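**Q** Please see the structure below; I have some questions.
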Amino acid sequence: MQTIITKSFCELSLDELYEVLKLRVDVFVVEQNCPYPELDSVDRETETQHVMIWENSKLSAYARCYRKKDNTFAIGRVVVDVEARGRGLAQKIMDEALSVCKNQEGVTCCFLSAQVYLKGFYASYGFMEVGEEYLEDGIPHQDMSLTVS
Numbered sequence: 001m002q003t004i005i006t007k008s009f010c011e012l013s014l015d016e017l018y019e020v021l022k023l024r025v026d027v028f029v030v031e032q033n034c035p036y037p038e039l040d041s042v043d044r045e046t047e048t049q050h051v052m053i054w055e056n057s058k059l060s061a062y063a064r065c066y067r068k069k070d071n072t073f074a075i076g077r078v079v080v081d082v083e084a085r086g087r088g089l090a091q092k093i094m095d096e097a098l099s100v101c102k103n104q105e106g107v108t109c110c111f112l113s114a115q116v117y118l119k120g121f122y123a124s125y126g127f128m129e130v131g132e133e134y135l136e137d138g139i140p141h142q143d144m145s146l147t148v149s
């Protein structure tokens with residue numbers, strides 16, 4: 001059974017928080033061999049929303065949405081568990097994350113920092129490249145934005 005849940009930091013149970021952080025570290029730090037400080041203050045900000053897809057009590061996909069500027073919400077830490085890949089969960093988590101962003105008061109733009117190999121995936125949602133590619137923690141990235149109404 002698949003369940004999509006969105007919660008603020010304060011609404012997360014300790015078990016949910018543990019699973020979110022474990023998935024992010026497993027993929028972004030271990031799998032991608034990129035030692036960096038995964039924990040930041042964005043997770044705890046009042047308007048940050050943690051979007052999760054649970055399958056049979058296991059966290060399979062995750063994204064976080066947070067206010068970047070007055071009218072801009074950002075999507076970040078988009079991740080699918082290695083055992084859950086190839087089943088369309090990246091699309092499901094992005095659909096839900098975009099819905100969360102678009103439903104925030106006053107938001108006219110969604111922003112994300114894409115790993116370069118995923119630019120086409122995000123472009124399929126209408127995201128446009130902003131500026132030049134850059135390295136973040138040794139991984140090529142591209143800022144992208146989407147105008148929303």
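Everything in the sequence shown is counted per the UniProt record's numbering, starting at 1 for the first residue and increasing by one. Glycine residues also receive a C-beta, built at the ideal position from the N, C-alpha and C atoms. Since this is a predicted model, take the numbers as computed values, not measurements.
1) If you follow the beta strand (DSSP E) that P51 is part of, which residue opens it and which one closes it?
2) Exposed or buried, D40, counting other C-beta atoms within 10 Å across all chains shown (16 or more means buried)?
3) DSSP state of F121, grouped into three classes?
4) For the beta strand (DSSP E) that contains D143, what are its first and last residues?
5) Counting beta carbon pairs with one atom in the segment 10–17 and one in the segment 60–70, are three or more of them shorter than 8 angstroms?
6) Just the Cα atoms here: how many angstroms apart are V80 and V29?
7) Quick one: what's got a C-beta closer than 6 angstroms to D143's C-beta in the same chain, skipping five residues either side?
8) Along the chain, where does the beta strand (DSSP E) that runs through A114 open and close?
9) Mapping DSSP to helix, strand and coil, what is F9?
10) What did DSSP end up calling R44 once you bin it into helix, strand or coil?
11) Only counting the same chain, and skipping five residues up and downstream in sequence, which positions put a Cβ closer than 8 angstroms to that of E136?
12) Rounded to a whole number of angstroms, what is the C-alpha to C-alpha distance between L21 and R77?
13) Please state the DSSP three-state secondary structure of L59.
**A** In short:
1) Numbered from 1 along the sequence shown, position 51 holds the residue referred to as residue 51. Pro is not the amino acid found at residue 51; the sequence shown has Val there. Start and end: Q49 to E55.
2) For this step, residue 40 is matched to residue 40 along the sequence shown. With fewer than 16 other CB atoms across the displayed protein chains lying within 10 angstroms of its CB, D40 is exposed.
3) Translated into positions along the sequence shown, residue 121 becomes position 121. In this structure, DSSP gives F121 a helical state, which the three-state scheme calls helix.
4) Within the sequence shown, the letter at position 143 stands for residue 143. That run of the beta strand (DSSP E) goes I139 to T147.
5) Contact between the segment 60–70 and the segment 10–17 is absent, because fewer than three Cβ pairs lie under 8 angstroms.
6) Residue mapping note: residue 80 aligns to position 80 of the sequence shown, counting from 1. Residue mapping note: residue 29 aligns to position 29 of the sequence shown, counting from 1. Per the coordinates, the alpha-carbon of V80 lies some 14 angstroms from the alpha-carbon of V29.
7) Here the question's residue 143 lines up with position 143 in the sequence shown. Once the five neighbours on either side are set aside, the close Cβ partners of D143 are S113, V130 and G131.
8) Residue numbering aside, residue 114 sits at position 114 when the sequence shown is read from its first letter. Run containing A114: C109 to Q115, per the beta strand (DSSP E) assignment.
9) One-based indexing of the sequence shown puts residue 9 at position 9. For F9, the three-state secondary structure derived from DSSP is helix.
10) The count along the sequence shown starts at 1 and reaches residue 44 at position 44. Here DSSP, grouped into helix, strand and coil, assigns R44 to helix.
11) Locating residue 136 in the sequence shown gives position 136, counting from the first residue. Correct list, in chain order: S113.
12) To locate residue 21, count along the sequence shown from 1; it is residue 21. To locate residue 77, count along the sequence shown from 1; it is residue 77. Spanning the two alpha carbons is a distance of roughly 10 angstroms.
13) Along the sequence shown, read from residue 1 onward, the residue named residue 59 stands at position 59. Reduced to three states, the DSSP call for L59 is strand.
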